[in-house]
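Worksheet: the structure to be examined is printed underneath.
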Ligand code: SF4
Ligand code: SF4
């Protein structure tokens, strides 16, 4: 739906339809991994999944794309029955307080002015978003989320770039997880999910982070 006044979207209200948590690839950073692991008590490999270029249209230019031999993949959240594993039966996020930053920002694409104020807003179209327009989104909150997301993104992009320049003989997923600091060097067992199916509804967003998630604004 087009909006003449982009800030009219500040009346957005998430209806918790759950669409953005189903069949979408949610990119995560090491900071997200640490927060989720600390908050849930889960071991990172219990919820990390790698989305390969055979599954999503990932290219070498994607700043979250890590090299594994001849293939590229991005780190994301595991699915269970085609949904994010953290989406509850009632379509509510069961790790709401610990969820990835990108989930918090979804579905907003935000542009800030030179002074840091929210200047323009648009909505992600990666899934049908069944929102209502009787809510109240706080501009400062949105601006803070964008800064948080950007900070995480920039830091992780540097780590991925460094990984992609390494000449490790074995570029395994576990080696990558150790490289980014979410696995200890003593943990060498193998259990990362390796789904290489063709995509169902996984889709790329305009941001380097694949955004999705029950919004912060319901
Ligand atoms: S942000 Fe949109 S798609 Fe996601 S749960 Fe809320 S209304 Fe549904
Ligand atoms: S908000 Fe994010 S972490 Fe929570 S269920 Fe949705 S996709 Fe998963």
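Residue numbers (our numbering): -14 to 203. Beta carbons are placed, not taken as given, at the ideal position from N, Cα and C, and that holds for glycine.
- Looking at the backbone, the Cα of residue 26 and that of residue 137 are separated by about 22 Å.
- Judged by DSSP in its simplified three-state form, residue 61 adopts strand.
- With 16 or more other Cβ atoms from the protein chains shown falling within 10 Å of its own Cβ, residue 158 counts as buried.
- Within the DSSP bridge table, the entry for residue -7 names no partner.
- Inclusion of residue 88 in the 7 Å shell around ligand 2 follows from its C-beta lying nearer than that to a non-hydrogen atom of the ligand.
- Per DSSP, residue 103 is one residue of the beta strand (DSSP E) stretching across 103 to 108.
- Scanning the region 30 to 60 from its first residue to its last, the whole beta strand (DSSP E) runs of 3-plus residues come out as 33 to 37, 51 to 53.
- Judged by beta-carbon spacing, residue 91 lies beyond the 8 Å limit of residue 2, meaning their Cβ atoms are not closer than that value.
- Comparing C-alpha distances from residue 45 to each of 9, 153, 149 shows the shortest one belongs to 149.
- The C-alpha of residue 123 lies about 15 Å from the C-alpha of residue 107.
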